[in-house]
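The opening residue of the sequence shown carries number 61 in the working numbering; numbering runs sequentially from there. A virtual CB, placed ideally from N, CA and C, is assigned to each residue, including glycine. Model, not experiment: these values are computed from the prediction.
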Amino acid sequence: MPTDEDRRAELGAFLRASRERLVRTDFGLPPAGRGRTVGLRREEVSYLSGVSVTWYTWLEQGRDINPSRQVLDAVSRTLRLGVPEHRYVLGLAGFAPLPAASADEVSTVPAHLQRFLDAIGENPAYALTPEWGIAGWNGAYQRLYPNVATTAPTERNLLWVVFTDPAVRDLLDDWHVTSSRFLAEFRAEIGSRLGDPALLDLVARLSEASPEFRAGWERHDIRGFESRERIFHHPEFGAVTYEHHQLRPSDQPEFQIVVYTPA
């Protein structure tokens, strides 16, 4: 198992390698010694990050220091790290992963995820944003729940339709059980982001629109996701039983993909 010393050494080596790959003209900097156009000096990274040269040097040397998350975020921005690289830096320093992207950033699924949903074929499937907005779905899900295509985008949220759309109550065999479970799973996921404006707005609107939601929210139930059987009253085929699965794409972890397969 890696020790703290191992993680500090890896963090320093990663920061150094990232710094040495940067193109100087991207930062408006002239060539360095002997016309070198690639690689920033430690002093330059520290200045651009607002971090002291000594502190940044110690980071690269793997010294036994405790950098704040703000320092690591600033250095990551200067080094122009992508999301996976930024997560890697935070993980090596012992911090929690980056928060999920906001609703504004992920209101619709990327084209390749929509193609994946479509390829699932006759199995209903849809994608959820961090606030559980329904960002994409396939034809099988639309046949199961036709209102998904006509609901206003601002209300196309799984919790919103479950608690406010009468058609969902008719569709679900156990509305009271499912709605309570969804709410407990939702709360478990968003606990670290309860202050986000988008979440506060959603909770406020649902609390006003649904007495059942308001009562459930005040219970503070927490529950992790588990695959399970679900029974739906299909508008064409009557009662159908599916197994409920959930997965996250490695390249788009802010989305949840929900798939219903025949049970």
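Counting the other Cβ atoms within 10 Å of the Cβ of Leu307 gives fewer than 16, which makes it exposed. Sequence-distant partners of Leu243 (beyond 5 residues in either direction) whose C-beta falls short of 6 angstroms from its own C-beta, in its chain, are Gly276. In terms of CA proximity to Gln121, Ala73 leads the group Phe285, Ala73, Arg140, Asp86. As for any beta strand (DSSP E) of minimum length 3 sitting wholly inside the stretch 154-209, the runs are 185-188, 194-197, ordered along the chain. Out of Pro322, Tyr320, Glu314, the CA that lies nearest to the CA of Val169 is found in Glu314. Contact between Arg137 and Tyr116 is ruled out by a C-beta separation of about 13 angstroms, above the 8 angstroms threshold.
With respect to Leu150, Leu173 sits apart: the two C-beta atoms are not nearer than 8 angstroms.
Residue environment: Gly193 is assigned as buried (16 or more neighbouring CB atoms within 10 Å of its CB, all protein chains considered). Within its own chain, the residues whose Cβ lies closer than 6 angstroms to the Cβ of Val135, once the five positions on either side in sequence are excluded, are Ser109, listed in chain order. When the beta-carbon positions are compared, Leu188 and Val318 come within less than 8 angstroms of each other. Below 8 angstroms, too few C-beta pairs join the stretch 251-268 and the stretch 290-300 to call them touching: fewer than three. Rounded to the nearest angstrom, the gap between the Cα atoms of Arg81 and Tyr107 is 18 angstroms.
One thing to note: Arg123 has its Cβ no nearer than 8 angstroms to the Cβ of Phe155.
Judged by DSSP secondary structure, Pro226 falls within the alpha helix (DSSP H) whose first and last residues are 226-231.
By the 16-neighbour rule on beta-carbons within 10 angstroms, Pro91 is exposed. Beta-bridge partners assigned by DSSP to Arg290: Tyr302. Of Thr224, Leu177, Glu145, the smallest CA-CA separation from Ser267 is found for Thr224.
For Thr321, the enclosing beta strand (DSSP E) begins and ends at 316-322. Here Ala92 carries a strand assignment [DSSP, helix/strand/coil]. In this structure, Tyr320 lies away from Asn207, with their beta-carbon atoms at least 8 angstroms apart.
Judged by DSSP in its simplified three-state form, Val263 adopts helix. Cα atoms of Val143 and Leu71: separation of roughly 16 angstroms, rounded to the nearest angstrom. Selection Leu254, Gln202, Pro190, Glu272 evaluated against Arg241 yields Glu272 as nearest (Cα-Cα). Under the three-state reduction of DSSP, Leu307 is assigned to strand.
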